[in-house]
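Okay, so here's the structure we're looking at.
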Ligand code: 9MR
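In the numbering used here, the protein residues as written are 105 to 471.
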């Protein structure tokens, strides 16, 4: 059997297995039903590896009305060589989502990380625009009509680099100047005019002076794009939060969200999790404090009608990026997500259910 045929079959069987319902997943309220009643989308990042575990696949199917590929649509996996694209994993995940009535977010078309090695050695100011445009036309074009929203440009702002507009010293800025962002949005609109084109970034959630500066830089970027007529329609607020013994506050987010609303932008909470690095090891205490942050944060953002989707960065703690990138000092596994490693619902799940059940229904419009 050829590799492509095998993968098509396995994608189908992942979908079918989970469709039939796996008995191991206990009956519990589904976030997707609570959120659906509010015209809100709720979901998670999925990885291809997780979806091969039937009980995980069933949980993702049960809980999510929207999904995003954690890594499978990034440049590295999709264009491993200049003239070769790979879509088997992403295709299988889109098949799964469609089989379960889930919307799909695309993540992402332009970033400073997870680029293939060939890009860094090939790119020049002379060919950068063509490389970026072609990648976007191929990747977003392949899924035309199937994607709810694309993270067209990811994490372009990094104030520490001290560039005009707060732009990050990325491979794209170095080779194309600040116009790369507009170029990416225009190419994405050409490739998939139905997708909601999103700028996605982190570090703008908490009440803190550095986060306030980031919020202002993001507003500046979005206003500039709009002024030039670039097709940007939404902001993705990643929402990688960090819990502290004195919980962070989110009051300043209200003003920011109002400004975005005035610009007619939608907002998606795209990558929520709560880093418990500074919390005590005791699991019950940790889970309670993490859940407190889920509740406070979601109450804040869901008070705003133009917040249309909430996605966590994984549904269950096993395999969270936080253990790989920022492990706890005491060697304990982190507990940042609504379900634990054995797929039991945690207090954070209850907090999500409560915040969604309490929030006002979103007004009718495309979500
Ligand atoms: O969770 C992702 C991890 O598996 C990857 O190794 C990493 C690099 O591609 O990206 C992680 O996801 C990031 C996302 O793409 C953008 N926002 C921050 C996320 C966590 O680092």
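For glycine and all other residues, C-beta sits at the position ideal for the given N, C-alpha and C.
The model shown is predicted, which means the values in this text are computed figures rather than measured ones.
* Asked: Just the Cα atoms here: how many angstroms apart are residue 391 and residue 182?
  -> Along the chain shown, one-based indexing puts residue 391 at 287. Along the chain shown, one-based indexing puts residue 182 at 78. About 36 angstroms.
* Assuming residue 148 contacts residue 416 under a Cβ cut-off of 8 angstroms, what Cβ separation, rounded to an integer in Å, is found between them? -> Taking the chain shown and counting its residues from 1, the one referred to as residue 148 is at position 44. Taking the chain shown and counting its residues from 1, the one referred to as residue 416 is at position 312. With 8 angstroms as the limit, residue 148 and residue 416 qualify as a contact, their Cβ atoms being about 5 angstroms apart.
* residue 211: beta carbon under 7 angstroms from a heavy atom of the ligand 9MR? -> As a first step, residue 211 must be located in the chain shown, where it is residue number 107. Residue 211: yes, Cβ under 7 angstroms from the ligand 9MR.
* Give the DSSP-derived three-state secondary structure of residue 284 in the structure shown. => Translated into the one-based positions of the chain shown, residue 284 becomes position 180. Three-state DSSP puts residue 284 in a helix.
* Asked: Among all the DSSP beta bridges, which residues are the ones paired with residue 303?
  -> Here residue 303 corresponds to residue number 199 of the chain shown, with the count starting at 1. Per DSSP, 257, 339.
* Which two residues bound the contiguous alpha helix (DSSP H) that contains residue 321? -> As a position in the chain shown, residue 321 is number 217, starting the count at 1. Note, residue 321: alpha helix (DSSP H), 313-331.
* Beta-carbon separation of residue 220 and residue 254 under 8 angstroms? -> As a position in the chain shown, residue 220 is number 116, starting the count at 1. As a position in the chain shown, residue 254 is number 150, starting the count at 1. It is not a contact, given that the beta carbons lie outside the stated cut-off.
* To do: Please determine if the stretch 411-429 and the stretch 144-160 are in contact, where contact requires at least 3 C-beta pairs separated by less than 8 angstroms.
  => yes
* To do: Given a cut-off of 8 angstroms, decide if residue 138 and residue 373 are closer than it, judged by their beta-carbon atoms.
  => Taking the chain shown and counting its residues from 1, the one referred to as residue 373 is at position 269. Taking the chain shown and counting its residues from 1, the one referred to as residue 138 is at position 34. Their beta carbons are not under 8 angstroms apart, which means residue 373 does not touch residue 138 by this criterion.
* **3 or more residues per run - each beta strand (DSSP E) lying fully within the stretch 201-253** => 207-211
* **Exposure of residue 319, with buried meaning 16 or more beta-carbon neighbours within 10 Å** => Within the chain shown, the letter at position 215 stands for residue 319. That one is buried.
* Check whether the Cβ atoms of residue 457 and residue 406 sit closer than 8 angstroms, and answer yes or no. => Start at 1 with the first residue of the chain shown, and residue 457 comes out as number 353. Start at 1 with the first residue of the chain shown, and residue 406 comes out as number 302. Not a contact, by the Cβ cut-off of 8 angstroms.
* To do: With residue 370 as the anchor, note down where its beta strand (DSSP E) starts and where it stops.
  => Indexing the chain shown from 1 puts residue 370 at position 266. Residue 370 -> beta strand (DSSP E) spans 370-379.
* Residues of its chain near residue 465, where Cβ-Cβ distance is below 6 angstroms and the 5 sequence neighbours each way are ignored -> Counting from 1 along the chain shown, the entry for residue 465 is found at position 361. Cβ within range, chain order: 142, 143.
* With DSSP run on the structure shown, which of helix, strand or coil describes residue 269? -> Working through the chain shown from its first residue, we reach residue 269 at position 165. Residue 269 falls in the helix class under three-state DSSP.
* For residue 178, is the beta carbon positioned less than 7 angstroms from some heavy atom of the ligand 9MR? -> Residue 178 sits at position 74 when you count from the first residue of the chain shown. Yes.
* Asked: residue 429: beta carbon under 7 angstroms from a heavy atom of the ligand 9MR?
  -> Here residue 429 refers to the residue found at position 325 when the chain shown is read from its first residue. True, at least one ligand heavy atom lies under 7 angstroms from that Cβ.
* **Own chain residues within Cβ distance below 6 angstroms of residue 472, not counting five before or after** => With the chain represented from 105 up to 471, any question about residue 472 goes unanswered, as that position is not in the structure.
* To do: Would you list, in sequence order, the uninterrupted beta strand (DSSP E) runs of no fewer than 3 residues that lie entirely inside the stretch 165-191?
  => 170-173
* Would you report the Cα separation of residue 324 and residue 263, rounded to the nearest angstrom? -> For the purposes of this step, residue 324 is taken as residue 220 along the chain shown, with counting starting at 1. For the purposes of this step, residue 263 is taken as residue 159 along the chain shown, with counting starting at 1. Computed Cα separation, rounded: 13 angstroms.
* To do: Taking residue 413 as part of the beta strand (DSSP E), name the residues at either end of that continuous run.
  => Counting from 1 along the chain shown, the entry for residue 413 is found at position 309. It spans 411-416 - the beta strand (DSSP E) in which residue 413 sits, taken as one unbroken run.
* Should residue 315 be listed as close to the ligand 9MR, given that the test is whether its C-beta is under 7 angstroms from any heavy atom? -> Mapped onto the chain shown, residue 315 falls at position 211. No, Cβ of residue 315 sits at least 7 angstroms from all heavy atoms of the ligand 9MR.
* Asked: What separation, rounded to the nearest whole angstrom, lies between the Cα atoms of residue 287 and residue 196?
  -> For the purposes of this step, residue 287 is identified with residue 183 of the chain shown, where counting begins at 1. For the purposes of this step, residue 196 is identified with residue 92 of the chain shown, where counting begins at 1. Spanning the two alpha carbons is a distance of roughly 29 angstroms.
* **residue 273 classed as buried or exposed, judged by whether at least 16 other C-beta atoms fall within 10 angstroms** => Start at 1 with the first residue of the chain shown, and residue 273 comes out as number 169. Looking at its Cβ environment, which holds fewer than 16 other Cβ atoms inside 10 Å, residue 273 is exposed.
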